[in-house]
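Residue numbers (our numbering): 101 to 398.
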Amino acid sequence: MNVHKPRCTFKHDRFYGNNYKGDGTKQCWMTDYVVNYGTEDNPLYYCQFHKEKARDKEGYLSACPGQPDCSDFKSEIVLKKLLAAWNEENKSLPSYNHKTFALPGISCKGRGFEGFEFSESVIFDDSFFYDVEFKKTIFRKEASFKKVMFTCNNRNEAYFCEAQFEGDARFDDAVFKVDMLFESAKFSGEASFMGCQLQKKACFKKVQFNSRVRFEDEIDFLGETSFEKTVFSGYTEFTGITFQKKPNYESSHFKCDLNLRAIFKEGAHFDFAHFDKVVNIYANTRFEDAVGFKGGGF
Ligand SMILES: [Zn+2]
C-alpha cells in the first residue's frame with residue numbers, strides 16, 4: 101500500500117539548493133511530526149517546527165508568536181535527532197557532496213547542543229530560538245542565524261561560549277532579547293553581526309576573530325559589552341554603532357585594520373589594548389565620556 105505522507109507547507113527561500121532532503125523547491129521537507137491545521141477538505145499541513153506559522157495565518161495564536169506550548173518541549177529533541185541523521189548521511193558522502201541543513205523559520209528550543217558538531221553548513225534564518233545553549237558546539241561550515249530571535253523561557257541567555265565557527269558566522273539582523281554570551285568562542289571565517297539588535301549584555305571576552313569582523317549598520321549595544329582580551333586578526337568594522345554603556349576593550353588586540361565609527365555614551369575602556377595596524381576613526385565618532393588608553397600600544 102502506498103501511504104501518502106503529508107508534507108509541511110511552510111515555504112522559505114533558504115530551502116532551495118543543495119539542502120538535506122530538499123528537492124530544489126522552497127518548501128519545508130518535513131514529513132514527520134506534521135499535523136493538519138486546516139480542515140479535511142482544505143488541509144493545511146505544518147510540521148511541529150513551523151506550526152506557529154499556521155497559527156499566525158489563522159490568527160488564533162496568543163499575542164506572543166513563537167511562545168511554546170507544552171508539546172514544544174520536545175522540539176529540541178526532534179531537532180537533534182534530525183541533525184544526527186544528517187551528520188550520519190554526510191559522513192557517508194564525499195565532502196564535495198555534503199548537504200546543507202536548512203530549516204529556516206522554525207520555532208524551537210536550542211538546548212542540549214553542548215559539544216554538538218554540525219558537519220556542514222546550517223541555515224536557521226528567521227527562526228525563533230529560546231534557551232539556546234551551544235556551548236563548545238562546532239560549526240564545521242557556515243552557520244547562518246540571520247534575523248533569528250533569541251529569547252528565553254528559563255535561561256536569560258543565548259549561550260555560545262567556547263563555540264567554534266570554522267566557516268562564516270552570520271547573525272545579521274538577529275535580535276538578542278537575552279544576554280549574548282560568546283566568551284572564548286573562535287571564529288575562523290567572517291563574523292557578521294550587521295544590524296543586530298542587542299538588548300542585553302554582549303560578552304565577547306577572549307574571543308578569537310581570525311577573519312573579517314563586521315559590527316555594522318545601526319547596532320545599539322544597550323547592555324554591558326565586553327571585548328576584553330579579544331583578538332581581532334582580520335579587518336574589523338565597528339561602524340554605525342552606539343554603545344550605551346562603557347564597552348570594555350581592555351587588553352584586546354587588533355592585528356589588522358580597525359574601522360571605527362561609533363558613539364560611546366559612557367566613554368570606552370581601551371587600557372592595554374594593542375593596535376598593530378591602521379585605526380581609522382571616522383567622523384561622527386564621539387566619546388561622550390572618558391576613554392582609557394593606559395598601557396596600550398599602537
Ligand atoms: Zn516545516
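Using N, Cα and C, we set each Cβ at its ideal position, and we do this for glycine too. From a predicted model like this one, the values you see are computed outputs, not experimental measurements.
Where residue i falls: helix, strand or coil (DSSP)
| i | result |
| --- | --- |
| R155 | helix |
| D113 | helix |
| N253 | coil |
| N197 | helix |
| V278 | coil |
| C170 | Bear in mind that a pLDDT of 40 at C170, under 50, signals an unreliable position, so the number given afterwards is only what the model happens to contain. Helix, per DSSP. |
| L182 | helix |
| S333 | coil |
| N187 | helix |
| E176 | helix |
| V307 | coil |
| V248 | coil |
| K286 | strand |
| R107 | coil |
| C147 | strand |
| Y133 | coil |
| F265 | strand |
| Q344 | coil |
| Y349 | coil |
| S221 | coil |
| S192 | coil |
| R386 | strand |
| D271 | Residue identity differs from the one stated: residue 271 is Phe in this sequence, not Asp. Of the three classes helix, strand and coil, the one that applies to F271 here is coil, per DSSP. |
| F354 | strand |
| F239 | strand |
Identity of the residues DSSP links to residue i by a beta bridge
| i | result |
| --- | --- |
| L360 | F338 and I381 |
| G392 | H369 |
| L298 | F276 and F321 |
| K209 | Y230 |
| E214 | For E214, which the question treats as bridged, DSSP gives no partner whatsoever. |
| G397 | H374 |
| N119 | T200 |
| F476 | An answer regarding residue 476 cannot be provided, because it is not within the stretch 101 to 398 covered by the chain. |
Straight-line gap, residue i to residue j (C-alpha atoms, nearest Å)
| i | j | result |
| --- | --- | --- |
| K301 | K277 | 9 Å |
| F327 | S352 | 7 Å |
| A373 | E242 | 30 Å |
| P106 | R361 | 51 Å |
| D357 | K235 | 30 Å |
| F229 | Q299 | 15 Å |
| A383 | H198 | 46 Å |
| R270 | D113 | 17 Å |
| V134 | N253 | 24 Å |
| G340 | E388 | 16 Å |
| C208 | F149 | 6 Å |
| A368 | Y349 | 8 Å |
| D376 | G334 | 11 Å |
| V331 | K355 | 7 Å |
| F265 | T200 | 15 Å |
| Y137 | F250 | 26 Å |
| Y120 | K111 | 15 Å |
Residue i classed as buried or exposed, judged by whether at least 16 other C-beta atoms fall within 10 angstroms
| i | result |
| --- | --- |
| D225 | buried |
| K306 | buried |
| C204 | The question names Cys, yet the displayed sequence has Pro at residue 204. Buried. |
| T125 | exposed |
| V77 | This structure does not reach residue 77, given that the chain is present from 101 up to 398, and the question cannot be answered. |
| P194 | exposed |
| V222 | buried |
| D141 | exposed |
| T139 | exposed |
| E318 | exposed |
| F338 | buried |
| N190 | buried |
| H104 | exposed |
| K151 | buried |
| V248 | buried |
| I481 | Any property of residue 481 remains undetermined from this structure, which presents the chain solely from 101 to 398. |
| A163 | Bear in mind that a pLDDT of 33 at A163, under 50, signals an unreliable position, so the number given afterwards is only what the model happens to contain. Under this definition A163 is an exposed residue. |
| V232 | buried |
| P347 | buried |
| N310 | buried |
Near ligand 3: residue i beta-carbon under 7 Å from a heavy atom
| i | result |
| --- | --- |
| H150 | Among the ligands modelled here, namely ligand 1, ligand 3 does not occur. |
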